[in-house]
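Those protein sequences? They're chains A and B, same order as listed.
The first sequence begins at 3 in my numbering and counts up one residue at a time.
The second sequence begins at 12 in my numbering and counts up one residue at a time.
Glycine residues also receive a C-beta, built at the ideal position from the N, C-alpha and C atoms.
Please read all numbers here as calculations on a predicted model, not as lab measurements.
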Amino acid sequence: MSDIPYKDKGSILRPIKALSFLARKPVTEKIEPRPAAANYRGFHVNDWDLCIGCSTCQKVCDNAAITMVKIPGLPEDPVKGIRNERPAIDYGRCCWCGLCVDICPTSSLSLTTEYVHTCHEDELDSYFILPDPKGIHHKHFPKGWAKTADADLVDLERQPMEELDAEERLKSFDEMVEGFTDQQAIIEASRCVQCGMCHDSCPTHMHAPEYIRAIWEGNAEEAVRQIYRSNPFSHVCGRICTHRCETACSIGRRGEPVAIRWLKRYAMDSVSDLRIREIAAEGKVDYISGKKVAIIGAGPAGLTAAFDLISKGHEVTVFEALDKPGGMTRYGIPEYRLPYDRLDADVAVITSLGVKIQYNTRIGQDISISELERNYDAVLVAIGLQQGRSTRIPGSDHKQVKKAVELLRKITQGKAFNIPQSAVVIGGGNVAMDIARSLARLQKENYGEVRITLTALEDFDHFLADAEEIKEAREEGIEILDSRGPKQCVTNDKGQLSGLVTLRVNSIFDDDGRFAPSYDDSDEQVHPADMVIEAIGQMTDISLFGDELTERLEWNRGRLKVEQDGRSSEPWLWSAGDMVFGPDVVHAVADGHRVAASIEKHLATPGSW
Amino acid sequence: MRPENYQAKSQPPSNEYELNFGPNHPGIEGNYAFKVKLNGDEVLEARADAGYLHRGFEKLMEGRLWIQNIALVPRICVPDPVPMEVCYSLAIEEIGGLEVPERAQWIRVMHLEMSRLAAHLFAFGGHAATTGMYTPMFWGVADRDLVLDRFEELTGGRVYSIYNIPGGVRRDIPDGFLERLSSLLDYLESRLPDYDNLFFTNQVFVKRARDVGKMTQEQALKWGVTGPNLRATGLAFDVRRDDPYLVYDRIEFDIPTEPGGDALSRNLVRRAELKQSIHILRQVIDRLPSIKGPIRCPIPNPLAWNVPAGEAYTRVESSKGELAYYVVSTGGDKPYRVHVRGPSSMHAVQVLENLAVGCRLEDIAQIMFSLDACPPEVDR
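Right, dumping it as structure tokens:
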């Protein structure tokens, strides 16, 4: 029973009590317009400088109120993960729930305290508004509902990747990264907002959103299927790709990007090699075209093109000068980053489709290129950059001054060489890191200690090697010196190499942006070493073309000049990969696809062969 | 048919006639209708005619991500949207095994009780209007607006908070919020005698509402009546006490009952609950500052969130009665099925159809408002 005295009828004079209200403030009174609460969910503002057009707001919007609109004047850069699209809000649909704000990867989108909007009769479409930093009426209302750490719906932290520690790593060439567990992979994949920035930035436009989604759904086979749509070198790329996808990842704007490379690796490692072959064969046509293609070089570019062309029914023969496939991915990349059996698995998928690889066959020596021209409908040269460049500093012709790529090749082939007790590496790219870290392992094994110095022209802010390579190399005991330019290699009285002299770098490029390093002669250092390794770049061995063809072909500063589609000035000859675009696996794969498409078009055009 | 060709069918002489009461009628809450058969003023039969506000919420939810439904569920019951959010979130938390931090649980209780205050103020204001007393209606709505001001401050929205999400709440309380809430409670408490004078002990209302829409406890239980309407038949049943959720088991409050089972009793229960809600909120205000910690447990990226397969039936005590969500997940990123057990479906359909028989036509509005039935929730 409540204590409300409703049964008490009261005095007949009770209504007179109402007179007391005459002296009181009215309960209902006119209120003036007032500012909304600080947290108010009013009209949107969007900081266009922060916004990257990733369209995550559009995906979470439960009313389909957001449309991405292309703004032609804004910057667009797929490599950096920026699109020139901005969200436009249909305020006829928006319910101001603010989920778009809470999920915005860049935190560019906020709601304001502005809540009044009317439109004239002649602008009935003014409910469809493109919010910019000024708000819908350009009245600069303060932010209301904005991103806070409490309410962030984006998962900014990556799943940890188990790695061997430095001491353990140095003991062998075993793979150092252990890969995701099933649970880790699903959680990592669930961080993806499916913006597709990775797809846009990838040279071969891998279907990363699709395979990440498939991993999240627990369907690794579907992930492999999506991967094979654009990349037959996925064991390789799942380990050593330069992962531009992760640079462009919109989650990386405020947090750690989705580990797209490791997810690819996870998908490839989760499915049996046999099943991967079956999946890869799904795209192969069931007829034989009768056309023959010769590919020179069994590296990523050549084999990718072979994969595409065999899938179209052409007969493909690959000629490889060495005894194993893979090109620089085998002979340039140490096994602790890319185990050879994984590379073999990728190649086995391609050969299982019917691609023939003739090993130990050097074009120009064993077979002439004109013979290939006669016997095949198209010839693709994808021989990569196998020769190391020299600094040509005084003393660099000493026999103890080596080229990094040649040394790496020897290590892979298991050929013996004198392992230096101390070494200096010239160069600051990933190849320099590879040789330095490979030598570190050999030194540790043979001498029990690491004595390697790496000197790079660039300062640490502009270093060419990946940041993780630098970190790991340091952990392994390698001394890394930035802004040091090589002056000369010095020898002792007996003519033995004793070290490298370097100078501090003032600048690397001249005013016109050309490579012309200038040094501070007063800052000279001597790095004692019994071997100096040059890792400053690679070049192509073009001797296979022969004098006559070399003369006929067009060249661009030492590189073969090709059309956009990879075709050279000779109608039967295409070129692809590192020798055209410089060293990068995923670029080589992309180039392989591009050239294969061009060859396919050529072969499919009657009368063109 | 042209008018000149119209000929009335011969009917046996009768005083009975049919009348459409609603869907647009000031005596009906929202868009809702009754087809009533009358003999003079006396209701012989009433048939609920629902569906004018059917938006297919339960089906809509199956096509939306778990988190997107957070913006949808408050719309099921406009005057009391907060229990919808909380109950839906509780279901997902149960299926997904999410641990809601203690601070978030206290904030949710605060949010729920504020919503109860707002809804009860609205309800008695509405009932007053059906009996021709417009001042209590203005007062009820005006004082409810003060609660909405606090909602605006806490959640960013005045009516639809969209503030509770699976795992907790979306924002922490703003600085100084509890002080402002406390002064609002003082004000509302000071208003209770005024409400009593003007309405609850006003003999115009008391005589008008007494014995109108009267039901027994047995009938109430048979018809699925819950909430204040059930407590107005003398049964002290309240989900907050009898099946506690959040931190209600750590809060002291009474469960007011009335024995009458009529429109008057139902209003008196709500009036008493206003006081109880104020009492609960004061306890929250005392306790909340000492409870530190996060306001939300981490949930996966909502665009790729598979709630594990399972089902949950969660219930809360809304201002209208027992509100429950039955949610089924098959392990996907969207619900497989969501069923809302809203209290108003029972109150506005079978209860009202039964109670209206024998009443006078003008009492239908009074009965409906005294049951505090919410047509948007009936239709969903």
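Distance from the CA of E364 of chain B to the CA of T142 of chain B, rounded to the nearest whole angstrom, comes to 20 Å. Taking the Cα positions, T108 of chain A is about 47 Å away from K412 of chain A. Residues of the same chain with a CB within less than 7 Å of the CB of V103 of chain A, apart from the 5 flanking positions on each side, are L111, S112, L113, W147, A148 and K149 in chain order.
Against chain A, the CB of V152 of chain B has a partner CB under 9 Å away; the residue lies at that interface. In this structure the stretch 201-212 of chain A lies against the stretch 223-236 of chain A, because at least three pairs of beta carbons, one per stretch, are closer than 8 Å. C-alpha of S372 of chain A to C-alpha of S571 of chain A: approximately 15 Å in a straight line. Residues of the stretch 205-224 of chain B with a C-beta atom less than 7 Å from some C-beta of chain A are D207, N208, F211, T212, Q214 and V217, listed in chain order. Fewer than three Cβ pairs drawn from the stretch 162-172 of chain B and the stretch 253-263 of chain B lie within less than 8 Å of each other, which leaves the two stretches out of contact. Residues of the stretch 206-221 of chain A with a C-beta less than 7 Å from any C-beta of chain B: W218, listed in chain order. The residues I262, in chain order, have a CB closer than 6 Å to that of Q294 of chain B in the same chain once the five nearest residues on each side in sequence are set aside. Secondary structure of F235 of chain A (DSSP, three-state): coil. One alpha carbon belongs to G301 of chain A, the other to V591 of chain A, and they sit about 9 Å apart. Secondary structure note for G137 of chain A: it is in no alpha helix (DSSP H), with a DSSP letter that is neither H nor E. The Cβ of K11 of chain A sits closer than 9 Å to at least one Cβ of chain B. With fewer than 16 other beta carbons inside 10 angstroms of its own, D222 of chain B counts as exposed. Residues of chain A with a Cβ closer than 9 Å to the Cβ of I118 of chain B do not exist; the shortest Cβ-Cβ separation is about 12 Å.
Judged by DSSP secondary structure, F23 of chain A falls outside any beta strand (DSSP E); it is assigned neither H nor E. Of all C-beta pairs linking the stretch 152-162 of chain A to the stretch 429-439 of chain A, fewer than three are shorter than 8 Å, placing the two stretches out of contact.
From the listed residues A:D399, A:S545, A:G515 and A:G356, the smallest Cα separation to G497 of chain A is found for A:D399. When 8 Å is used as the limit between beta carbons, G257 of chain A is near no residue of chain B, the shortest such separation being about 11 Å. Think of a sphere of 8 Å around the beta carbon of W574 of chain A: no beta carbon from chain B falls inside it, the nearest being about 49 Å out. The bridge partners DSSP lists for Y337 of chain B are B:Y324 and B:H350.
Remark: C-beta atoms of R371 of chain B and E69 of chain B do not approach each other more closely than 9 Å.
Here D297 of chain B is actually not in contact with N317 of chain B; their C-beta atoms are around 40 Å apart, not less than 8 Å. By the CB criterion at 9 Å, P112 of chain B and P305 of chain B fall inside the cutoff. When the five nearest sequence neighbours on each side are left out, the beta carbons in the same chain lying within less than 6 Å of the beta carbon of F380 of chain B are those of G137, H138 and T141, in order along the chain. Taking C-alpha positions only, T319 of chain A is separated from M581 of chain A by approximately 20 Å.
At a cut-off of 9 Å, the C-beta of K19 of chain A has a neighbouring C-beta in chain B. Between I84 of chain A and P77 of chain A, the CB-CB gap stays under 9 Å. By the rule that beta-carbons nearer than 9 Å mark a contact, Q360 of chain A does not touch chain B.
DSSP places V492 of chain A in the uninterrupted beta strand (DSSP E) bounded by R486 to T493. Under DSSP, H138 of chain B shares a beta bridge with no residue. Contiguous alpha helix (DSSP H) elements confined to the stretch 132-210 of chain A occur at 168-171, 184-192 and 199-203, taking only those with 4 or more residues. P396 of chain A and T493 of chain A have their C-alpha atoms roughly 11 Å apart.
A residue is called buried once 16 or more other Cβ atoms fall within 10 Å of its Cβ, and L24 of chain A, having fewer, is exposed. At a cut-off of 9 Å between C-beta atoms, V118 of chain A does not count as an interface residue with respect to chain B.
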